[in-house]
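The opening residue of the sequence shown carries number 561 in my numbering; numbering runs sequentially from there.
Just so it is clear, CB atoms sit at the ideal spot from N, CA and C, and this is done for glycine as well.
Since the structure is predicted, the reported quantities are computational estimates derived from the model, not experimental observations.
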Amino acid sequence: MSTWADERVDPAIVVDPPARKRRVPRRAKRPSRAAAIAAASLVGLAGLALWFLFFSLVLTSLQQHGSQARLYARLREELANATAPLGGYITNGSPVALLDAHIPGMESLVVVEGTSSGDLMLGPGHRRDTPLPGQRGTSVIFGRSVTYGAPFRSLSHLAVGDRIDVTTGQGRFAFRVEDLRGPGDPLPPPVGSDGSRLTMVTAASSGWRSGWAPDHAMYVDASLIDADPVPAPAGRPTTILPNEHAMAGDGSARTLALFWLQEVVLVGAAFIWARRRWGPWQTWIAGVPLALGVLWGAAGAGLRLWPNLI
Numbered sequence: 561m562s563t564w565a566d567e568r569v570d571p572a573i574v575v576d577p578p579a580r581k582r583r584v585p586r587r588a589k590r591p592s593r594a595a596a597i598a599a600a601s602l603v604g605l606a607g608l609a610l611w612f613l614f615f616s617l618v619l620t621s622l623q624q625h626g627s628q629a630r631l632y633a634r635l636r637e638e639l640a641n642a643t644a645p646l647g648g649y650i651t652n653g654s655p656v657a658l659l660d661a662h663i664p665g666m667e668s669l670v671v672v673e674g675t676s677s678g679d680l681m682l683g684p685g686h687r688r689d690t691p692l693p694g695q696r697g698t699s700v701i702f703g704r705s706v707t708y709g710a711p712f713r714s715l716s717h718l719a720v721g722d723r724i725d726v727t728t729g730q731g732r733f734a735f736r737v738e739d740l741r742g743p744g745d746p747l748p749p750p751v752g753s754d755g756s757r758l759t760m761v762t763a764a765s766s767g768w769r770s771g772w773a774p775d776h777a778m779y780v781d782a783s784l785i786d787a788d789p790v791p792a793p794a795g796r797p798t799t800i801l802p803n804e805h806a807m808a809g810d811g812s813a814r815t816l817a818l819f820w821l822q823e824v825v826l827v828g829a830a831f832i833w834a835r836r837r838w839g840p841w842q843t844w845i846a847g848v849p850l851a852l853g854v855l856w857g858a859a860g861a862g863l864r865l866w867p868n869l870i
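Here it is in structure tokens:
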């Protein structure tokens, strides 16, 4: 009788279990180089658009506030020293008057000479081919309604009979609002030889565009009260450039805007190169101030191409 110990198993007949197939994880397909470049370009364009919107609505207000503070100090000194400009040829961007319409947003505004898009970045602008406020004739002042502090945003809130005070080197003059008009409305009658009118102009819109996307000019006409107009010195310009008319952009800024866009592209390429060579933190510390400066210049140049009253 055989026992379990006596039973031997021939190793030749032992069958190994079948080997399991190893599952090799599939690697995710990397996007092609063209797709990566396209995605990065779209992200960059979206970032530029957001930056331009933020710069237009927020940072330009801070810039204009600083410009107004400097211009106010300069005009105050010139009025005290009796050196404020009275007429003739006046350098663009020079302060010429202080305007106060006694409504929020239109108090103690320094008016500069010139109505181009660049001039109106400083504040309301006096049209060069018209007399200064308080002088004989019709004085015209432009002001923005959306960007750079929007000094004339509240112009439509004025009503017939409201008072507007303007201070120049020839004194303080009070005006009374006579009419608010838009495109197609009848023009006011001509001012007499002994009359003085102030016309303020800004951009406006109606319907769903109201308040954020103006598309036409609006006008407020006011007549001098309680004083006689003063004579205007000779030598005033009789014509103005095309970019100084209402709702005109500054076409001469195209070259400047193109230059700044090239700078944006170069800084973006340098940022990518530096990130690979130096590392992310070093690149952010060194590159962010430079990038902000270039983006600021590019957005400012781009806004010069916009209509001057927006």
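Checking 8 Å against the spacing of the C-beta atoms, do residue i and residue j come in under that value?
i: Ile701; j: Val670; result: no
i: Ala792; j: Gly697; result: yes
i: Gly665; j: Pro711; result: yes
i: Pro655; j: Arg687; result: no
i: Ala834; j: Met807; result: no
i: Ile689; j: Pro797; result: In the sequence under discussion, the amino acid at residue 689 is Asp, which differs from the Ile named in the question. Contact: yes.
i: Phe735; j: Ala773; result: no
i: Asp810; j: Ser677; result: yes
Helix, strand or coil: which one does DSSP assign to residue i?
i: Met666; result: coil
i: Trp564; result: Residue confidence is low: Trp564 scores 45 on pLDDT, short of 50, so the model does not pin down where it sits. No coordinate-derived value is stated.
i: Leu635; result: helix
i: Met807; result: coil
i: Phe712; result: coil
i: Arg630; result: helix
i: Leu740; result: strand
i: Thr762; result: strand
i: Ala734; result: strand
i: Gly721; result: coil
i: Pro840; result: helix
i: Pro849; result: helix
i: Ser559; result: There is simply no residue 559 to check, as the chain begins at 561 and stops at 870 in what is shown.
Which residue wins for smallest C-alpha separation from residue i, given the options the options?
i: Val726; options: Pro684, Phe612 and Leu821; result: Pro684
i: Arg864; options: Val720, Phe612 and Ala595; result: Phe612
i: Ser668; options: Leu608, Arg688 and Arg636; result: Arg636
i: Ile785; options: Gly678, Gly653, Pro840 and Pro693; result: Pro693
i: Asn868; options: Gln628, Leu619, Ile650 and Gly674; result: Gly674
i: Ile800; options: Ala813, Tyr649, Leu608 and Ser592; result: Tyr649
I think residue i touches residue j, with their Cβ atoms under 8 Å apart; what is that distance to the nearest whole Å?
i: Gly604; j: Gly828; result: 7 Å
Taking 8 Å as the cut-off, does the stretch 701-711 touch the stretch 729-736 (at least 3 CB pairs, one atom from each stretch)? no
Quick one: any contact between the stretch 748-765 and the stretch 846-856, if contact means 3 or more CB pairs under 8 Å? Three or more beta-carbon pairs separated by less than 8 Å are not found between the stretch 748-765 and the stretch 846-856, which leaves the two stretches without contact.
Is the stretch 620-633 touching the stretch 715-723 in the sense that three or more CB pairs, one from each, lie closer than 8 Å? no
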